[in-house]
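Everything in the sequence shown is counted per the numbering used here, starting at 1413 for the first residue and increasing by one. By construction, the Cβ of each residue, glycine as well, lies at the ideal position given by its N, Cα and C atoms. Treat the numbers as computed from the prediction; the structure is a model and nothing was measured. First up is the structure itself, then whatever we jot down about it.
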Amino acid sequence: MFGFVINKLKNRKWLNLCLLMGVALFIALFVCHPMFEKGAGNQILDRLFTDHATQQNEFPAQMSREGTYAVADYPDSQSVLDKLSGYEKKWTEYVDINKVSSQQLITLSGGRADTEFGGLNHYFTIGYLPGLSEYADVVKSQTDTATFECSISEKTMDHYGLVAGEKIYLHVPDGSGKKEISFVISQICSEKDINDPYWAKTLSDMGDVIFVSQDVFDEMMQYYSEDNISYSDFLMLDYRQINTENASLYDGYMEQFKDADKLYNDNIRDTLERFFTQQKTIKLMLWALELPCLVLLILFIRMISAQILSLEENDILVLRSRGATKLQVFILYLQQSGIIAFAGCVLGIILGYIMCRAAASTDGFLRFTAKDIGTYKFVWQMLVYAVAAAVIMVLFITVPVWKKSKDAISEHSRGRISKKKPLWEKCFIDVILLALSAYLLYNYNKQKSTLAISVLENRSIDPVMILDNSLFIFAAALLCVRLTGLIILLVDRLFKKHFSPAMYASFLQLKRTRYNQGFLAVFLIMTVAGGIFDANMARTMNSNMEKRIVYNVGCDAIYNEDFRLRIQKNKDGSVSWMYDEPDFGKYESLKNEGICDGVTRVLEDERVDISAGSGSISDAYLMAINTKEFGETAKLQSDQNDDINDAHWFNYLNELAKEPDGVIISSNLAKALGLKVGDSLNYSRYVPEAVDDDQIYASENAKVCAIVKGFPGYERYTYETDADKNVTEQEKYLIVANYATVVEKFGMTPYSVWMNLSKGKTVDDIYKNLTSAQQLIDENKNSATVQITNGMFTLSFILSLIVCSVGFLLYWVMTLKQRELQFGIYRAMGMRMREVKAMLLNEQIFLSFLPLLAGAGIGIAATAMFVRLISIIYLPQKHNIGVNVYIYPSDMLELTGVLFVAVAVCYVVISRLLKSMKIAQALRLGEDS
């Protein structure tokens, strides 16, 4: 039996190889899912931890405990430290992650103190920090063995005006009153590396602590009548060991720690919570992006398996006529499909691994790179998915055999061509699905704002929103098949009397087989339309993201300078402050070195109040610029259709340059305060937050010299998240003033340095760590969501080209083989080869060219209807630059070129087959049948 099955496969080896290709691609795409899901999940985790560290300025994987212990239970410092180490050991028994560092601090409440050089009534806390000597540098030191030695931080030194060697007289309770203890400041310390994971709490965060040795700390405990000793314990873990496999388990353990111990805390669970939400979104996106491609492959496999089954009807007839039961025939084909599925399973796993790695390496549509994709590895779930896909394929290929073998003799006698109208056409399924797709599109467009907020709040996306375009393409394909059939009947009725015999035979064949041939039309339409939509969707997403980033940055690179704030308390209780400006000359030298074409200062302040008439605005965004330098440096990314502003933005700079006290304002600010060009306003600035949170220190009157909709670096819309993690949209109001005027009126405040890089230069040519548009674009391209989208759209586009070309060629070649007898009869009746070719060309026009054109039209229509809607997933924020649809001619040329080659090759193959066809053999074949 097995040998018989192998011989059957060999007899139609080319068809079976094409079927194997389809099965292998289907399994490969199935297998991609778990590998992509796990790889993207690990990438998201790593990104979330990294972003947390950057945004919160703390190590992203901390477990901590802060509280007090009774001195009666823990009489010395070591007993407290041992207890804290016990907690750390217990935590890591469950959360099995390597320890990066640990910071333990124990303190006594201290008391009021006077200092040697006139400081009175200060408050200090006595503390012991075991890692101080290892992780801190001594800035200044001076020893004095006559008193207790202590160390203080630079912040404490600056705040109280202390110096090394100065004595602190601490008044502490000793049970019978107050006792004075003298300390000498032996060391002034600063962190060796403030970015070291050890510094969960920096020296500045520890407040007014004077640090002593462990022996001194234990001795201090003897003087105190207090009952408690305070502690804080921070355990830093290697977050790189948290992955998609153990994240849920560790999250559960940490929840249990919190429930069992109210003093326990960590910063990991919030990150994991965001991860779980994004992971769910990734899963839905993957299925939504994979499903259309899986359907396309199923159509391809169905087309080939139907052709094979059609060719083997006679074999089934022979088997049934010789006594084989339906079950035996079914088992025979089950073995045949099992062999193909097994081979496809092996190839699919290998191909799936390669496809997933290739898709993960993309940083744009059809752009493969050699970037690090270490998170995308082989996972055991791929084997399960491969087996599941193989089983689906076996059933999909084999089940139609059962129907064919029901009553093979009677079925054969009824003829092969089905003239029965399909169910979908009878029930108008195409119209119903098209109406459903339009209804969903209408509803989603009405909910755009809600959907955008949902995405910003990291809630799960609705996968139907992504699949709606596929539903539209499928419904439109069915409708085109219906219309094509009507066009064929209409042309036949109108011109039947004028047809030549060849054309009459051609239309007769089209009318008889239009229901059978509809499958090919749907396949071609979905392939072409899907390929066009995938290309346009990917291009639109990538182009809009890049343009928005370029607009937001406003120039090639930005460096935020470090300004030192000096604060001084005056005798009258007031506070004076000033910033020390760094050397700006080092940036101007970049122009002389040919690295930059333009460099300028841009002073920015987002805490500005503006008033005009009876109206006022708070928290406006101030930019102070040198108009000439800014024009040479900054860039304004324009909209696709036209400029954002009514005139070139240089014109507004010119107007500002003419008015030293003038300002440029945003159109929303002008609308909010009822301002126009020539009107006056007043703007006020607040003292630095380190001095006071809510104190205005200066105001300035200004004349409005220009009103703009967009300006380099100005984002009109911002989004704020409240305590309940609800996102609200806020408008930002812009005011641009002359740099010299702002510095004169408000004093020197921090600014950033904007740079316009020379041609061929990159940020790598500058020694500073910069924020550049290109870096942000690269980071965005490497985000998991964008990577998955680019990867899947690229795979879908490539698979569409392959499947469409192979399927188209194979279908027509097999159709020609099946009609060999018919063509032989036509030739025997006197029809010339030229007429036979004309007949086939006419059939191809209606069955191939029209569907291909319809597919192109449907793809463009789907692009216009759905791309902006689906872009909400990737671009949920409102922006000065709206979402524009991008269609790259190169993509359309690639698709058109491949299809043209496929059609040309098909026609050449058909012509050669017709030439090689022998009439006598064809007629003998008819007699034998």
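For residue i, which residues does DSSP report across the bridge?
i, result
"Q1474", "M1648"
"H1534", "A1525"
"D2343", "Since the displayed the chain opens at 1413 and closes at 2341, residue 2343 lies outside it and no answer follows."
"S1513", "M1648"
In terms of alpha-carbon separation, which member of the options lies closest to residue i?
i, options, result
"E1505", "L2253, Y1788, P1542 and Y1662", "Y1662"
"M1938", "C2216, L2228 and L1807", "C2216"
"P2072", "A2114, I2108, A2110 and S2078", "A2114"
"S2195", "A1801, K1604, S1773 and E2018", "S1773"
"G2025", "C1967, V2248, D2091 and Q2230", "D2091"
"D1880", "A1700, K1422, M2251 and G1897", "A1700"
"F1777", "M1794, I1622, I2119 and D1946", "D1946"
"S2078", "L1460, Y2098, K2070 and N2057", "N2057"
"T1810", "F1840, V1758 and V1741", "V1741"
"D1775", "W1836, N2202, V2297 and L1763", "N2202"
"E1546", "E1528, H1464 and W1611", "W1611"
"I2210", "A2152, S1491 and F1780", "F1780"
"D1995", "V1575, G2074 and F1975", "F1975"
"M1949", "L1835, F2205 and T2153", "F2205"
"G1451", "V1628, F1442 and T1656", "T1656"
"V1512", "D1608, K1422, D2303 and V1596", "D1608"
"E2306", "G1943, A1436 and T1462", "G1943"
"L1711", "F2042, L1807, M1447 and L1932", "L1932"
"S1912", "A2250, E1561, R1477 and L1493", "A2250"
"L1852", "Q2289, I2282 and G1522", "I2282"
Buried or exposed for residue i, going by 16 or more other Cβ atoms inside 10 Å?
i, result
"V1551", "exposed"
"F1754", "exposed"
"T1862", "exposed"
"G1786", "exposed"
"H1910", "exposed"
"P2301", "exposed"
"Y1535", "exposed"
"K1815", "exposed"
"N2138", "exposed"
"T2275", "buried"
"D1645", "buried"
"G1997", "exposed"
"L1427", "buried"
"S1822", "Any reading at S1822 needs caution, since the residue's pLDDT is 48, under 50, leaving its predicted position unreliable; the model's value is listed next. The residue is exposed, with fewer than 16 neighbouring Cβ atoms inside 10 Å."
"H2060", "exposed"
"A1672", "exposed"
"S2030", "exposed"
"L1977", "exposed"
"M1475", "buried"
"T1683", "buried"
Checking 8 Å against the spacing of the C-beta atoms, do residue i and residue j come in under that value?
i, j, result
"N1954", "V2295", "no"
"G2219", "M1715", "yes"
"N2347", "C2008", "A question about residue 2347 goes unanswered here, because the residues of the chain that appear run from 1413 up to 2341."
"C1601", "A1525", "no"
"L1936", "P2263", "yes"
"F1438", "L1795", "no"
"R2097", "V1987", "no"
"G1479", "Y1581", "no"
"L1721", "V1799", "no"
"L1696", "S1872", "yes"
"F1598", "S1563", "The question names Phe, but residue 1598 is Ser in the sequence shown. Cβ distance < 8 Å, so S1598 and S1563 count as in contact."
"L2034", "I2108", "no"
"M2344", "A1914", "Since the displayed the chain opens at 1413 and closes at 2341, residue 2344 lies outside it and no answer follows."
Is any heavy atom in the ligand GDP found nearer than 7 Å to the beta carbon of residue i?
i, result
"A2266", "The model depicted lacks the ligand GDP and carries no ligand whatsoever."
Mind pulling the beta strand (DSSP E) runs of 3 or more residues that sit fully within the region 1876-1940? none
Quick one: which unbroken alpha helix (DSSP H) runs of 4-plus residues sit fully inside the region 2200-2273? Chain order, please. 2232-2240 and 2245-2256
Ignoring anything shorter than 4 residues, give me the alpha helix (DSSP H) runs that lie fully in the region 1985-2046, in order along the chain. 1997-2004 and 2039-2045
Could you give the uninterrupted runs of the beta strand (DSSP E) lying entirely in the region 1414-1485, keeping only those of 3 residues or more? 1474-1482
Enumerated in chain order, which unbroken segments of the alpha helix (DSSP H) with a length of 4 residues or greater are wholly contained in the region 2074-2155? 2079-2085
Residue ranges of each alpha helix (DSSP H) within the region 1699-1758, 4 or longer: 1725-1733
Which ranges would you report for the beta strand (DSSP E) in the region 1753-1787 if only whole runs of at least 3 residues count? 1774-1776
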